[in-house]
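Trainee: In full-length UniProt numbering, the protein residues as written are 1 to 1271. Positions of the beta carbon are idealized from the N, C-alpha and C atoms, including for glycine.
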């Protein structure tokens, strides 16, 4: 029924066509033969002014205004007006009548009554009120009718223009067929429907028939839609009022109708059963079928029928014709239907370059292709092709190109590494299209009118033999070389025996000059030895000039005949001196052979066979043996490599796999740079692997890395020689040198593939060996977890320019090495020197990167090393070896204490660390630096000092305050204070001129006036610090209660000498009693600064009070560190708000996007007078940082469990983490970035891999595995 308006339009257009044919419009400028633009303009006028008004198509979408208003008035008399609270939002809309009857559209009358039957202030009596209400309702209906009229009129205007465009091409344009008369076969306008029984009927009668029994015979034609969605069944109801039938966008097939299958066999049992029987019978008789215009059959129907066919013939070959213009969409059809091959047409090429591209596109891997790696993720590829030199839909190449192109084009098709085919007539030089419907003549009979000497039949036989032989003998690599605008060379190479066949075809897309001689072209050059000419073909005219077009063809009235005016000269298996096309001698230069062309003319084809030189074969055999070992995971060299890797530790793997440019320079080396690409992101194997993993699956042999390998051995040598400076890696360097030696000796075009195999597998085994040195969680965990755990290998290393302070010689066993490993905050910006080690970053990342990975010793060294730097009760942020550290952050000490808690809980005998020796660099705030061991104390004593300093409170000024240590900070910012609120127990500190938490961006622009103005001071009590503080105090309480440590309280002395003592328990209980009261914002919170409820404040007690109420991503840290602080219901509500306002694809927005200060895109180079973004001032005011998402997701899991929502939250969390896994696989740094811009957009100033990003997300994966065991 939804196509009735389109049918009515089709009936109008058919009437116009009949009237023009009958001469009824001659008097208004439309003769019986339409052939000028004026005729078309006159037709347009007549359609719009005389014909369309007769049917008023728009009324099939409109409502009966008077009828609806009457019903409205009747109902108004029966009910009271709507009260204000009962009036719904939004207005009424038209609902098309299911049968599309004229003026049959409806509205929701009940909704209309609630909207329009209301009290009115402009009326003083009931009758007036009802009248006004009805008038308002009528006005709305009239508006809706007018809107739909305009919409339908726009569709019809578009449709008429489409119709006239078709008529213009067929009858007016010089490049069209210039059809003259109007007939059943050639109507003025293409018919979209069958019109059985409508002949001689008026439009009014036809409309009446449309709704009755005769309407069942008014059927929509099938067809295809240019640029339409092939997955959309265009005949079904579509969103809105438009469809391809009404808008005349269909290329209709007048000899077929669109079958209405429905969604399942029960929707049309007879049709499904009938078609199933037909398809089954076809499958029983034939070995293969062609799905003509596959995209025009609903996908679920084709799926059902082909499944049935394969039950009859499991080996059924299914070739399909598809016009989707999308490889992705093609693959949907191929995968859903099990299509064997998609039909591709060589005649779609417009020149020889395009034809060569099609041969390459549809055929095999490129010559020198990367080996398929069993351990590498496969890349999507295009569907297998059935490449046709001619299909039944194509015009003859003699018409479209020239007769001299048939042989070279057939030869090029035969060199494609895919199925090939043809249509009869091509081989016989038939010079016209053989129409599959209209042609009534017979084909010529074999042995009588046609045989092997006819046309190019003998050549096609030779080409088919060549094509089949190449396929069966493994010549599955292809290279296409455009030697000349008309000359294409196609190479087929076998990776098993390294033989090559090269075919050169001189195409002729247009008729050559009749007197054309040989075409000048560069020699054919290849690596290897010439063995034979496989075949050689030339074509010339028997009489007249060599390249005259056909002149004597006469179309036989009884059978389909071809041109017989040409001689095709085929020779096979020739020596070079027997060739008519090549010179008599080859030119050999080393491993390179040249064959010069002496007589390559249009229409000629020559194919040669090439073999590898014996001197190269030994190297290939050596490499093939190694490839086999890698693919089988066994063999002597494979075992030797595994043995070498088993001797390495994780610090060695850092040098082998990673090391960014600055780290490599720090170790006396340098990065590798590639022309056209730049420096590899890592100097270790991952730098090369990140590119190989991209270009390998896609066989991108044009990448600068592949060019670099073909042009020289520099990268091959770099991979082994850079390892020689690391003692433990020397055996591996020598293994690489030996096994890469043969790579240098093979043809240059093959080097990338073998280099890839060796480096990829060394990398694979190295990564596996590194993961096997880690914890069971990593060793036996998911691939995702292992990828994240490799962040530990990336970021933890011994860096000559960034050491930990020397530990005490009196520390417990195991003793630290001479130089302890440190953790790079992020790469590449925080890799070496004083910018490498940050206390805050280290202890945020440390659980994920060293505790969960089992690197307990390195964790212990970092805890003790940073602990030795304690000063002012604080742990330094920028470490710089300890002696140049800055004590300007308030949070690092709490992260440090939290790490100690986790270490004690998760490491076997972890509590022993509390009595390990800390070598204090500064035993007092004012002391000079001490030597290792000169002033030792136990770790718990260091912790006690830090807590006592905070409990006592401290104000101090940074040493060397001024531009020497900070070029931007104002004088007030160097003044620091820390303390404990006596009422709440919350730690507090800072002022509005400094920024002592991780959100530490200091303004630096004089132009914008923000120099020395911190973007996010977060002074007062920051929410995450209170949570970390709580976790640390409960930990110390537990250690005291279990007698692990001898202290259980802190003490402070007031200015008048009064002493106050709090036990750890007292302190923690005070925080617990006040946290929700002070931090949670709900409906009871009274403050003019409240902008959202159901959230946790970011701070309490800031000097800038409104910033307390900003929604930021810090509160989940407190929820994870100390879940006891939060009411589960309140916590879940806050986390849901964080999901709504803060959650991004990879990270968390650092500020609620509805906040006035939100600026989501960070660019440190921005030089503007806008102080909110100048010099990247918005670093923490919107951009999405990755590490906080770890705490957010972990908090959701904790409180989902508390609220009975664990199962769905686990599933949701894995879904969110899919983005992180994709990033790990895609990013060349193989890490998670520091931050992104809004909605996950790339941020150019971000570190590409960041320690805390990797570590915090790894903690989520760890928690997920734990919770999944509980489900």
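With the cut-off set at 8 Å, would you say residue 344 and residue 302 are in Cβ contact?
Mentor: At the C-beta level, residue 344 and residue 302 stay beyond 8 Å of one another.
Trainee: What does the alpha-carbon distance come out to for the pair residue 917 and residue 923?
Mentor: 13 Å
Trainee: For residue 363, I'd like the list of residues in its chain whose CB is within less than 6 Å of its CB, leaving aside the five on either flank, ordered along the chain.
Mentor: 416, 417, 418 and 478
Trainee: Going by Cα to Cα distance, which pick from 1000, 1216, 1248 and 1073 is closest to residue 1176?
Mentor: 1000
Trainee: Residue 234 and residue 243 look like a contact to me (Cβ under 8 Å); what is the Cβ gap, rounded to whole Å?
Mentor: 7 Å
Trainee: Which partner residues does residue 479 have in the DSSP bridge list?
Mentor: 491
Trainee: Specify, as a first and last residue, the run of the beta strand (DSSP E) that residue 317 falls within.
Mentor: 317–320
Trainee: Output the boundary residues of the beta strand (DSSP E) element that contains residue 573.
Mentor: 566–574
Trainee: So if DSSP puts residue 1052 in a beta bridge, which residue, or which two residues, is it bridged to?
Mentor: Answer is 1060, bridged to residue 1052.
Trainee: Whole angstroms is fine: what's the gap from residue 512's alpha carbon to residue 524's?
Mentor: Straight-line Cα distance between these residues: approximately 23 Å.
Trainee: For the alpha helix (DSSP H) containing residue 612, list its first residue and its last residue.
Mentor: From DSSP, residue 612 is part of no alpha helix (DSSP H); its letter is neither H nor E.
Trainee: The alpha helix (DSSP H) that contains residue 328, what's its start and end?
Mentor: 327–337
Trainee: Given that a residue counts as buried once 16 or more other Cβ atoms are within 10 Å of its Cβ, and exposed if not, what is residue 658?
Mentor: It counts as buried.
Trainee: In chain order, which continuous runs of the beta strand (DSSP E) of length 3 or greater are located wholly inside the stretch 402–457?
Mentor: 419–421
Trainee: Given that a residue counts as buried once 16 or more other Cβ atoms are within 10 Å of its Cβ, and exposed if not, what is residue 1086?
Mentor: exposed
Trainee: Check whether the stretch 985–1005 touches the stretch 1020–1037, taking contact to mean three or more Cβ pairs, one atom from each stretch, closer than 8 Å.
Mentor: yes
Trainee: Counting only the same chain and skipping the five closest in sequence on each side, list residues whose C-beta sits under 7 Å from that of residue 1124.
Mentor: 1072
Trainee: Please list, in chain order, all residues of the same chain as residue 288 whose beta carbon is under 6 Å from its beta carbon, the five residues on each side excluded.
Mentor: The residues are 317.
Trainee: Just to confirm the assignment, what range does the beta strand (DSSP E) spanning residue 386 have?
Mentor: 385–388
Trainee: Just mark residue 825 as buried or exposed, buried being the case when its beta carbon has 16 or more other beta carbons within 10 Å.
Mentor: Looking at its Cβ environment, which holds 16 or more other Cβ atoms inside 10 Å, residue 825 is buried.
Trainee: May I ask you to report which of helix, strand or coil DSSP gives residue 48?
Mentor: Helix, per DSSP.
Trainee: Pick from 975, 940, 1070 and 958: whose alpha carbon is nearest that of residue 1046?
Mentor: Nearest option by C-alpha distance: 940.
Trainee: Less than 6 Å between C-beta atoms, sequence neighbours within five positions excluded: which residues of the same chain meet that for residue 597?
Mentor: 521
Trainee: Compare the beta carbon distance of residue 197 and residue 217 with 8 Å and say whether it is the shorter of the two.
Mentor: yes
Trainee: Can you find the residues in the same chain that come closer than 8 Å, C-beta to C-beta, to residue 830, ignoring five residues on each side of it along the sequence?
Mentor: Only residues of its own chain outside the window of five on either side were considered, and among them 824, 836, 838, 841 and 1247 have a CB closer than 8 Å to the CB of residue 830, listed in chain order.
Trainee: What did DSSP end up calling residue 1170 once you bin it into helix, strand or coil?
Mentor: coil
Trainee: Report the option in 591, 1271, 592 and 574 whose CA atom is closest to the CA atom of residue 584.
Mentor: Nearest C-alpha to residue 584 among 591, 1271, 592 and 574: 574.
Trainee: So, do the stretch 708–726 and the stretch 485–500 have three or more beta carbon pairs nearer to each other than 8 Å?
Mentor: Touching, no, given that fewer than three Cβ pairs across the two stretches are closer than 8 Å.
Trainee: So, with DSSP's three-state summary, where would you put residue 760?
Mentor: helix
Trainee: Among all the DSSP beta bridges, which residues are the ones paired with residue 913?
Mentor: Answer by DSSP bridge pairing: none, since residue 913 is not bridged.
Trainee: Would residue 337 pass as a contact of residue 410 if the rule is Cβ separation under 8 Å?
Mentor: no
Trainee: CA-CA distance, residue 723 and residue 534?
Mentor: 49 Å
Trainee: Check whether the Cβ atoms of residue 1110 and residue 1151 lie closer than 8 Å to each other.
Mentor: yes
Trainee: DSSP three-state call for residue 536: helix, strand or coil?
Mentor: strand
Trainee: For the 8 Å Cβ check, are there 3 or more pairs between the stretch 170–183 and the stretch 19–35?
Mentor: yes
Trainee: Mind checking whether residue 1098 and residue 1108 have CB atoms under 8 Å apart?
Mentor: yes
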